[in-house]
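Residue numbers (this note's numbering), protein chains in the order written: chain A, 407 to 966; chain B, 730 to 1022; chain C, 47 to 351.
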């Protein structure tokens, strides 16, 4: 999941064509040159998922939560790669918050608005926020953070390629008033607010305390970080423990935790985590389906974070004419020949997975509709399609290689690949080899185009707004591993959809595009899986958000 | 010219094969375990009741003796445990035998050359040997597996890269001793060529060491395969091999206990058997050591 | 004697040089960290080239190796690719955890193994002898991770007498140290046993017995003295092995040591981290081997010639 960072900026770059026209509709521009009104529906901004209003006094209580992977264990936004979210989310305040319905909500920013040309974002900073050391969060801190995250230095200093790319396209960052600043880009960036919101990956959108940070320097800050989030860091033992204490003056009381101490632990082995849960040494653990009975036998239960990963069947290189899969009908035949319901139900069970949606477009994602759900299992049609394209009973098809690896987040991928291979052999009569490799090696060979004409079975994290993935695969003419710009028609479909900024129109635009792309079958999937959290008896309730692989909505966690 | 055999035999009175076996109290239990292992390995395709890779997810998690179709139960995906165990013996044997054979050949040649000629060849070869021994074993294996893709070939190569050096080290030590014996000096003086001396006179005298290390090394190889599987870099999931079976079963050890128990016991039994057999062999071949037992 | 030591030290440096070349080439063969770091859907060539340049991977191999060697000589192993922190800092963070565990495991192995060996020699061929031997050898024969998980479940989750993970207090050391200790106990026990047998057969023990000294005292005093050097040398080599081999135990017990650093380093293609960890553990191994050799020479002057 190291690579889970979204290349959101790649998407934004693609908005260059067609974006301004769409922009104008959504932002109620009063003056074409001036900043437009906010896109945020501020009236509906209150989070709805806080069952109990948190106390401002010492709430007491401790929750021990075990993760399987932590990222860099650094705390600045430049270090924002995937799993920094596991701990960074708890300690930091984000520019923009979100909710379980993928809406952006005011966080440190109360308003954000884009100019009609899409180049400049005007941001308004909230009053009355304090950092964990008591210092107020001022416009200076905001400017400093923005400069630190997206200024010219970040192009080389950030460890995240996504942030590097974003920073390289940032033209200027300047204060426009006592509480407001403007970020200008070299090309339109409709995606910018999402990128700096807590809905995005990692901790690219968190705020730093200027004076504190400057007095310590980056290394010193990472040793004793403070933020403005719901928890403050009490103790950090590298690769072992991150102990967080509730911050009483957190500026969003409805998102303040109902307990005092959050003890995060890094425990790589699931068997050890289960033992800890059963022994009462842990309250919440990252689990997987295989350990369900062991968790329940020990007096615990599963709480599911819905749609955390999707299971992906990729046919790279099929735009090259020498491969049988160059014909769309062949690709569709491969899809029809798979009994996805059977695979999903037997391998994962109905609670853990469903064959719904198309790749990253799961039911909670933008652009979903039920007619995007997988193709039905229809072996006869599959055989017919294959025969029509010149491979009756698989004759002359050659051997199809299926590459996969053992993923940490989704169990049974190699088994799934075997089942798929089995169905192709049986239903289509073709020869199929399953090759289980090591994750990074397979990915490297794929990027290097060595897997063209073959099949990749893998899992990927879901995204609320799959735009970045859509752009990388279909909207990026440079793309080497994916479709790139090899099909101009699909490139246009993707770009047109991505250019739509208005959230209300975007759902439909994405949906239309996805229907076309789905029909092409350069990729499909068996469905998505939910992420189970093993929860001990001390936790009364918790409502983690869907479509996120990390612990979310800690403030909904109630203790017994 | 003295034959190497005489050097060996001079240490003990000549006994018939039958007498020697009776005298040395053959380790019957380890031999039985190893015989069973080899039989399973050789005849897996006849002995196994099912295809070990056949998924049958409707029949998943069958407990042992619950359904006599699958006497030792099935795993989470409905693969027959007994068949997987039997084929596992084959996989294990294949990997160990290949890796050991190659390792022994390379290690012996290096050890012979290094010990016999000494000088620069010895210096260079021994630095290489030290380097191989100083390189963390599991790490080396990880690197090989990552480069080559997980699979039997990668594991064999990984094992080979660490194993040869141990052979080389031990054999070299033996050669240094044997080199000083009169019959070698005599052969050299009479103009026998070096390769002939190595093969005819020295090698037979280090063969004992070779056999003992080999039998003690098998266990290490099986355990290395298991450790790699546990770290996610062993054989492919679903492959009929004991290491990966234990690794797959450990997540559900309380619930589907038979998944990791049976292969775990199989590994332990075979490693134990090889160790006891190796110990016995060492005593048998080297009467001086017998007392220490 | 001094000449011998000097030669061994020079040899050690050559061995390290060979290892440095091996680890350098091996890491380069595992692939391209720039590709591993790129997000899955990133496919822009520009991102990739920039990443390679930042990591210094665009330079010729020979130059990269030279940079690595020059740094290594000064104890500088470059910056970790994953998080841009100095690799030396990462090593120093992780080393104590591994060292503590390995030493605890070694101590436990000696504390259990030596008395067990001596007792089984005294009660030679008794049931105790056989059971003790079986117990020690079992630890060597069972897969470590399997034993570790069973022990955590038994003592942590079911009996609830020992912690399941972490390393806050001495009780946290018991299970992981035992798993490590058990894997090397057979060797130590055997050394203890054979030394003891030698002592029991020796003239001075027979003589002491005739003099009427209490059996126990004679046995323990002489056997321990006799067993000391072989057990120390065996322990030295085993300690080096434990440092290398603790990957599995660290993984199961969530122990943030060197082993896991190496494992993550390989999986993430974090070349500087892998190089530094290998050089550190190889240096330790070579140093231990050197000390063991010197001890041997010291103990047995015949080897000197």
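Using N, Cα and C, we set each Cβ at its ideal position, and we do this for glycine too.
Under a CB-based cut-off of 8 Å, is residue 478 of chain A close to chain C? yes
When DSSP labels each residue in this structure, what does residue 565 of chain A get in the three-state scheme? coil
Would you give the residue range spanned by the alpha helix (DSSP H) that residue 855 of chain B belongs to? 848-863
Could you tell me whether the Cβ atoms of residue 938 of chain B and residue 899 of chain B are closer together than 8 Å? yes
Can you tell me where the alpha helix (DSSP H) holding residue 305 of chain C begins and where it ends? 304-313
3-residue-minimum beta strand (DSSP E) runs that sit fully inside the segment 560-641 of chain A, ordered along the chain: 576-583, 586-591
Just to confirm, does residue 577 of chain A get its C-beta within under 7 Å of one of the non-hydrogen atoms of the ligand MG? Within the structure as shown, the ligand MG is missing, as the structure has no ligands at all.
What span of residues does the alpha helix (DSSP H) with residue 142 of chain C cover, start to end? 133-168
Classify residue 637 of chain A as buried or exposed, calling it buried when 16 or more other Cβ atoms lie within 10 Å of its own Cβ. buried
What do you get for residue 855 of chain A, buried or exposed, if any count of 16 or more other CB atoms within 10 angstroms of its CB means buried? exposed
Let me know if residue 99 of chain C comes out buried or exposed under the rule of 16 or more other beta-carbons within 10 Å of its beta-carbon. exposed
Can you tell me which of the three DSSP states residue 709 of chain A falls into? strand
Any beta carbon from chain A within less than 8 Å of residue 954 of chain B's own beta carbon? no
With C-beta atoms as the reference, is residue 151 of chain C less than 8 Å away from residue 235 of chain C? no
Take residue 1018 of chain B and list the residues in its own chain whose beta-carbon comes closer than 8 Å to its own, dropping the five residues that flank it on each side. Residue confidence for residue 1018 of chain B is low, a pLDDT of 46 falling below 50, so the modelled location carries little weight; the figure read from the coordinates is stated next. Contacts found: 1011, 1012.
So does the segment 329-336 of chain C actually touch the segment 220-228 of chain C, counting three or more Cβ pairs closer than 8 Å? no
So, under 8 Å CB-CB, residue 768 of chain A and residue 868 of chain A are touching, yes? Tell me the CB distance rounded to an integer number of Å. 5 Å
Can you list, in chain order, the residues of its chain with a C-beta nearer than 6 Å to that of residue 670 of chain A? Leave out the 5 residues immediately preceding and following it. 471, 493, 648
Going by alpha carbons, who is nearest to residue 251 of chain C out of C/272, C/232, C/214, C/231? C/272
What does the alpha-carbon distance come out to for the pair residue 611 of chain A and residue 886 of chain B? 47 Å
Quick check on the burial criterion: 16 or more other C-beta atoms within 10 angstroms. Buried or exposed for residue 172 of chain C? exposed
What residues are listed by DSSP as bridge partners for residue 981 of chain B? DSSP lists no partner for residue 981 of chain B.
Closest Cα partner of residue 944 of chain B within the set B/791, B/799, B/822: B/822
Can you tell me the Cα-Cα spacing of residue 333 of chain C and residue 174 of chain C, whole angstroms? 38 Å
Partners in chain B for residue 847 of chain A, counting only beta-carbon separations shorter than 7 Å: 875, 878
Interface residues of chain A facing residue 78 of chain C [CB-CB closer than 8 Å]: 850
Under 8 Å between beta-carbons, which chain B residues line up against residue 1010 of chain A? List them in chain order, please. An answer regarding residue 1010 of chain A cannot be provided, because it is not within the stretch 407 to 966 covered by chain A.
Whole-angstrom Cβ separation of residue 744 of chain A and residue 863 of chain A, contact assumed at under 8 Å? Contact doesn't hold; Cβ gap of about 11 Å is too wide.
Do you know offhand how far residue 1007 of chain B's Cα is from residue 122 of chain C's? 45 Å
Per DSSP, what are the beta-bridge partners of residue 938 of chain A in this structure? A/710
Do the CB positions of residue 565 of chain A and residue 478 of chain A come within less than 8 Å of each other? yes
Are the C-beta of residue 864 of chain B and some C-beta of chain C separated by less than 8 Å? yes
Between residue 302 of chain C and chain A, is there a C-beta pair that is closer than 8 Å? yes
Under 7 Å by beta carbon: chain A residues contacting residue 100 of chain C: 562
Using a Cβ cut-off of 7 Å, pull out every chain C residue sitting near residue 684 of chain A, in sequence order please. 203
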